[in-house]
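All remarks here apply to the structure that follows.
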(Lines of atoms letter the chains of each structure in order from A; the text may use other names.)
(Lines give C-alpha, C1' and ligand atoms only; values in the text may rest on other atoms or scores of the structure.)
Protein backbone atom coordinates (compact mmCIF):
# COMPACT_ATOMS: atom_id res chain seq x y z
CA UNK A 252 0.00 0.00 0.00
CA UNK A 253 1.01 3.53 -0.56
CA UNK A 254 0.76 5.88 2.43
CA UNK A 255 0.40 9.62 2.15
CA UNK A 256 3.32 11.18 4.06
CA UNK A 257 1.88 14.66 3.58
CA UNK A 258 -1.34 13.60 5.29
CA UNK A 259 0.65 12.26 8.26
CA UNK A 260 2.44 15.61 8.48
CA UNK A 261 -0.84 17.53 8.39
CA UNK A 262 -2.38 15.36 11.13
CA UNK A 263 0.79 15.55 13.24
CA UNK A 264 0.96 19.33 12.95
CA UNK A 265 -2.70 19.70 13.85
CA UNK A 266 -2.24 17.45 16.90
CA UNK A 267 0.74 19.56 17.98
CA UNK A 268 -1.26 22.78 17.55
CA UNK A 269 -4.10 21.39 19.67
CA UNK A 270 -1.60 20.42 22.37
CA UNK A 271 0.03 23.87 22.32
CA UNK A 272 -3.36 25.60 22.52
CA UNK A 273 -4.37 23.39 25.44
CA UNK A 274 -1.13 23.99 27.35
CA UNK A 275 -1.37 27.72 26.71
CA UNK A 276 -4.91 27.71 28.11
CA UNK A 277 -3.83 25.77 31.20
CA UNK A 278 -1.13 28.38 31.87
CA UNK A 279 -3.70 31.19 31.93
CA UNK A 280 -3.95 32.49 35.49
CA UNK A 281 -7.72 32.04 35.68
CA UNK A 282 -8.06 28.67 33.89
CA UNK A 283 -9.96 26.27 36.14
CA UNK A 284 -8.24 22.89 36.43
CA UNK A 285 -8.73 19.81 38.56
CA UNK A 286 -7.37 16.28 38.66
CA UNK A 287 -4.15 14.89 40.10
CA UNK A 288 -1.94 16.29 37.36
CA UNK A 289 -3.51 19.75 37.68
CA UNK A 290 -1.73 20.42 40.99
CA UNK A 291 1.76 20.88 39.50
CA UNK A 292 0.34 23.17 36.81
CA UNK A 293 -1.50 25.29 39.39
CA UNK A 294 1.63 25.44 41.57
CA UNK A 295 3.75 26.45 38.60
CA UNK A 296 1.34 29.24 37.67
CA UNK A 297 1.55 30.75 41.16
CA UNK A 298 5.34 30.73 41.43
CA UNK A 299 6.73 34.22 41.61
CA UNK A 300 10.34 33.30 40.99
CA UNK A 301 12.09 34.17 37.76
CA UNK A 302 12.33 31.26 35.37
CA UNK A 303 13.48 30.92 31.81
CA UNK A 304 11.73 33.75 30.05
CA UNK A 305 9.36 33.26 27.16
CA UNK A 306 7.75 36.02 25.18
CA UNK A 307 4.26 34.91 26.20
CA UNK A 308 2.22 31.86 27.20
CA UNK A 309 2.01 30.65 23.60
CA UNK A 310 5.81 30.59 23.31
CA UNK A 311 6.07 28.84 26.65
CA UNK A 312 3.48 26.24 25.58
CA UNK A 313 5.46 25.64 22.39
CA UNK A 314 8.64 25.23 24.39
CA UNK A 315 7.23 22.71 26.86
CA UNK A 316 4.91 20.80 24.51
CA UNK A 317 7.55 18.22 23.52
CA UNK A 318 8.04 17.43 27.22
CA UNK A 319 4.37 16.83 27.99
CA UNK A 320 2.56 13.65 27.03
CA UNK A 321 -1.16 14.27 26.50
CA UNK A 322 -4.03 12.20 25.27
CA UNK A 323 -7.75 12.70 25.48
CA UNK A 324 -9.85 10.19 27.38
CA UNK A 325 -13.15 11.91 26.63
CA UNK A 326 -13.57 12.95 30.27
CA UNK A 327 -10.08 14.31 30.96
CA UNK A 328 -6.62 14.86 29.54
CA UNK A 329 -4.24 12.07 30.49
CA UNK A 330 -0.56 12.80 31.12
CA UNK A 331 0.38 9.15 31.73
CA UNK A 332 3.17 8.21 29.38
CA UNK A 333 3.89 4.74 30.68
CA UNK A 334 0.67 3.07 29.51
CA UNK A 335 -1.63 0.93 31.57
CA UNK A 336 -4.27 3.63 31.94
CA UNK A 337 -7.87 2.64 31.28
CA UNK A 338 -9.42 5.84 32.51
CA UNK A 339 -12.24 7.44 30.57
CA UNK A 340 -12.92 4.23 28.70
CA UNK A 341 -15.67 1.69 28.91
CA UNK A 342 -18.03 1.85 31.85
CA UNK A 343 -15.66 3.40 34.38
CA UNK A 344 -15.36 6.92 33.04
CA UNK A 345 -15.22 8.51 36.48
CA UNK A 346 -11.88 6.86 37.18
CA UNK A 347 -10.10 9.95 35.80
CA UNK A 348 -11.70 12.08 38.53
CA UNK A 349 -9.17 11.08 41.16
CA UNK A 350 -6.30 9.91 38.97
CA UNK A 351 -2.86 11.44 39.51
CA UNK A 352 -2.33 11.66 35.74
CA UNK A 353 -5.55 13.49 34.87
CA UNK A 354 -6.10 17.15 34.06
CA UNK A 355 -9.74 18.17 33.77
CA UNK A 356 -10.55 21.65 32.54
CA UNK A 357 -13.85 23.45 32.06
CA UNK A 358 -14.19 22.05 28.53
CA UNK A 359 -15.10 18.70 30.16
CA UNK A 360 -17.68 20.12 32.57
CA UNK A 361 -20.67 19.15 30.41
CA UNK A 362 -19.40 15.57 30.16
CA UNK A 363 -19.08 15.31 33.94
CA UNK A 364 -22.52 16.87 34.42
CA UNK A 365 -23.97 14.22 32.11
CA UNK A 366 -22.23 11.38 33.95
CA UNK A 367 -23.40 12.82 37.27
CA UNK A 368 -27.01 12.98 36.05
CA UNK A 369 -26.82 9.35 34.91
CA UNK A 370 -25.40 8.24 38.26
CA UNK A 371 -28.11 10.10 40.17
CA UNK A 372 -30.68 8.29 38.02
CA UNK A 373 -28.99 4.94 38.73
CA UNK A 374 -29.09 5.69 42.46
CA UNK A 375 -32.88 5.21 42.36
CA UNK A 376 -32.76 1.70 40.87
CA UNK A 377 -33.75 -1.05 43.26
CA UNK A 378 -32.33 -4.05 41.42
CA UNK A 379 -28.59 -3.29 41.15
CA UNK A 380 -27.52 -5.00 44.35
CA UNK A 381 -25.04 -3.88 47.01
CA UNK A 382 -22.09 -3.79 44.59
CA UNK A 383 -24.03 -1.66 42.14
CA UNK A 384 -25.13 0.73 44.85
CA UNK A 385 -21.54 1.03 46.14
CA UNK A 386 -20.24 1.80 42.66
CA UNK A 387 -22.94 4.38 41.96
CA UNK A 388 -22.19 6.16 45.24
CA UNK A 389 -18.45 6.12 44.49
CA UNK A 390 -19.03 7.56 41.02
CA UNK A 391 -21.38 10.23 42.37
CA UNK A 392 -18.69 11.33 44.85
CA UNK A 393 -16.10 11.48 42.07
CA UNK A 394 -18.42 13.53 39.87
CA UNK A 395 -19.31 15.90 42.71
CA UNK A 396 -15.64 16.48 43.50
CA UNK A 397 -14.77 17.24 39.87
CA UNK A 398 -17.80 19.45 39.30
CA UNK A 399 -17.18 21.43 42.50
CA UNK A 400 -13.58 22.06 41.42
CA UNK A 401 -14.90 23.23 38.05
CA UNK A 402 -17.15 25.77 39.77
CA UNK A 403 -20.46 23.95 40.27
CA UNK A 404 -22.33 25.08 43.35
CA UNK A 405 -24.27 22.87 45.76
CA UNK A 406 -27.40 24.30 44.15
CA UNK A 407 -26.19 23.23 40.68
CA UNK A 408 -25.66 19.69 41.95
CA UNK A 409 -28.97 19.64 43.80
CA UNK A 410 -30.79 20.69 40.61
CA UNK A 411 -29.40 17.63 38.82
CA UNK A 412 -30.22 15.37 41.76
CA UNK A 413 -33.92 16.28 41.77
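In my numbering, the protein residues as written are 252 to 413. Ideal Cβ positions, reconstructed from N, Cα and C, are used throughout, including at glycine. Everything numeric in this text was worked out from a predicted model, so none of it was measured.
Which residue comes first and which comes last in the beta strand (DSSP E) that contains residue i?
i	result
residue 354	353 to 356
What residues in its chain sit with their C-beta under 7 Å from that of residue i, if we drop five residues either side in the sequence?
i	result
residue 264	none
residue 285	355, 397, 400 and 401
Answer yes or no: do residue i and residue j have a C-beta to C-beta separation smaller than 8 Å?
i	j	result
residue 354	residue 312	no
residue 348	residue 296	no
I'd like the span of the alpha helix (DSSP H) that includes residue i, first residue to last.
i	result
residue 254	No alpha helix (DSSP H) contains residue 254, which DSSP labels as neither H nor E.
residue 368	360 to 374
residue 382	380 to 400
residue 288	Looking at the DSSP string, residue 288 is not in any alpha helix (DSSP H), and its letter there is neither H nor E.
Among the residues of its own chain, which have a CB less than 6 Å from the CB of residue i, if the five just before and after it don't count?
i	result
residue 387	370, 373 and 374
residue 391	370
residue 360	401
residue 271	312, 313 and 316
residue 261	none
Just checking my contact of residue i with residue j at CB under 8 Å: how many whole Å lie between their CB atoms?
i	j	result
residue 411	residue 367	6 Å
residue 283	residue 385	Actually they do not touch by this definition, with Cβ atoms about 30 Å apart.
residue 273	residue 363	Incorrect: roughly 17 Å between the Cβ atoms, too far for contact.
What does a CB cutoff of less than 8 Å around residue i pick up in its chain, not counting 5 residues either side in sequence?
i	result
residue 332	320
Looking at the strands, I want to know which residues DSSP matches up with residue i.
i	result
residue 322	329
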